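Visitor: Residue numbers (the numbering used here): 166 to 325. Before I ask anything, let me first share the structure, which is written out below as C-alpha cells.
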C-alpha cells in the first residue's frame, strides 16, 4: 500500500507542471500562431516572479502579458513587433535575453572583460613569482654529486 501511495504521489508531482500550462481560454485557435505565442512567451520575463518566463509563471500579470502577446499575434504583428510592443510598455527588463545594444554592452561584454583581466592578473602574478624565485642552477659540486648518485650502482640485497 505504501508503494502505491508513493507511486501515486510521484505521478502527481511529475504531472503538476502540465496542469500549470496556458489555460484553454488563452489559447489561439490557429496552432501555428499558438506555437509562436508560446515561443515569444518563453522569451519574456514575468515582472512578478523575475526569474520565470511568462510562459512558466502563474502570476496574474504573466497571464495578462500572455494575453497581450496573443492579441498582438492575432492582430498580425511579427515577433519583433510583439517584442517591441511589450518592451515599450514594460521596459527592457521584461526580456529574458537583453538585446545587444549600447545600453546593454556591459551585460554582454562584462563577463568577458572580467575573464580577460583575471587572466592577465594571474599571468602577471605567476611571471613575477617565477622571476623572484629564480631558477638557480646547480653548482659544479652539486652536478658531480648528482651524477655520482644517479649513475652509481646500487648495492644488491643478498636475501633476494
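From the three backbone atoms N, C-alpha and C, an ideal C-beta is built for every residue, glycine too. Here the structure is a predicted model, which means the values were calculated and not measured.
Tell me residue 280's beta-bridge partners as DSSP assigns them.
Guide: Within the chain shown, the letter at position 115 stands for residue 280. Paired residues: none, contrary to the question.
Visitor: With 16 other CB atoms within 10 Å as the buried threshold, where does residue 281 fall?
Guide: For the purposes of this step, residue 281 is identified with residue 116 of the chain shown, where counting begins at 1. Counting Cβ neighbours within 10 Å, residue 281 comes out exposed, since fewer than 16 surround it.
Visitor: What whole-angstrom Cβ distance do residue 202 and residue 214 have, given they're in contact under 8 Å?
Guide: In the chain shown, counting from the first residue as 1, residue 202 sits at position 37. In the chain shown, counting from the first residue as 1, residue 214 sits at position 49. Between residue 214 and residue 202 the Cβ distance is about 19 Å, and since that is not below 8 Å, they are no contact.
Visitor: What three-state label does DSSP hand residue 209 in the structure shown?
Guide: Looking up residue 209 in the chain shown gives position 44. If DSSP states are grouped into helix, strand and coil, residue 209 belongs with the strands.
Visitor: What span of residues does the alpha helix (DSSP H) with residue 312 cover, start to end?
Guide: One-based indexing of the chain shown puts residue 312 at position 147. Taken as a continuous stretch (DSSP letters only), the alpha helix (DSSP H) holding residue 312 covers 305-316.
Visitor: Specify whether the region 225-242 and the region 263-270 touch according to this definition: at least 3 beta carbon pairs, one from each stretch, less than 8 Å apart.
Guide: Output reads no: the region 263-270 does not touch the region 225-242.
Visitor: Put residue 260 into one of helix, strand or coil per three-state DSSP.
Guide: Within the chain shown, numbered from 1, the residue matching residue 260 stands at position 95. Strand.
Visitor: Does the separation of the CB atoms of residue 261 and residue 208 fall below 8 Å?
Guide: Counted from its first residue, the chain shown places residue 261 at position 96. Counted from its first residue, the chain shown places residue 208 at position 43. The answer is yes: Cβ separation under 8 Å.
Visitor: Just to confirm my understanding: we take residue 272, look at its own chain, exclude 5 residues before and 5 after, and list those with CB closer than 6 Å. What are they?
Guide: Within the chain shown, numbered from 1, the residue matching residue 272 stands at position 107. Hits under 6 Å: 263.
Visitor: Quick check: the Cα distance between residue 221 and residue 259, rounded to an integer number of angstroms?
Guide: The count along the chain shown starts at 1 and reaches residue 221 at position 56. The count along the chain shown starts at 1 and reaches residue 259 at position 94. Cα-Cα distance, rounded: 14 Å.
Visitor: Spatial neighbours of residue 174 within its chain, please: CB distance less than 6 Å, with the 5 preceding and 5 following residues excluded, ordered by chain position.
Guide: For the purposes of this step, residue 174 is taken as the residue at position 9 of the chain shown. So the list is empty, once near-sequence residues are dropped.
Visitor: Starting from the C-beta of residue 206, find all residues in its chain whose C-beta is less than 7 Å away, skip the five residues before and the five after it, and write them out in chain order.
Guide: As a position in the chain shown, residue 206 is number 41, starting the count at 1. If we look at residue 206 and ignore the five residues flanking it on each side, its Cβ neighbours are 218, 219, 220, 231, 234.
Visitor: Taking its Cβ as the centre, do 16 or more other Cβ atoms sit within 10 Å of residue 184, making it buried, or is it exposed?
Guide: For the purposes of this step, residue 184 is identified with residue 19 of the chain shown, where counting begins at 1. Bear in mind that a pLDDT of 47 at residue 184, under 50, signals an unreliable position, so the number given afterwards is only what the model happens to contain. Flag for residue 184 reads exposed.
Visitor: Report buried or exposed for residue 295, applying the criterion of at least 16 other Cβ atoms within 10 angstroms of its Cβ.
Guide: For the purposes of this step, residue 295 is taken as residue 130 along the chain shown, with counting starting at 1. Result: exposed.
Visitor: Does the Cβ of residue 310 have 16 or more other Cβ atoms within 10 Å, making it buried, or fewer, making it exposed?
Guide: As a working note, residue 310 is residue 145 in the chain shown. Classification for residue 310: exposed.
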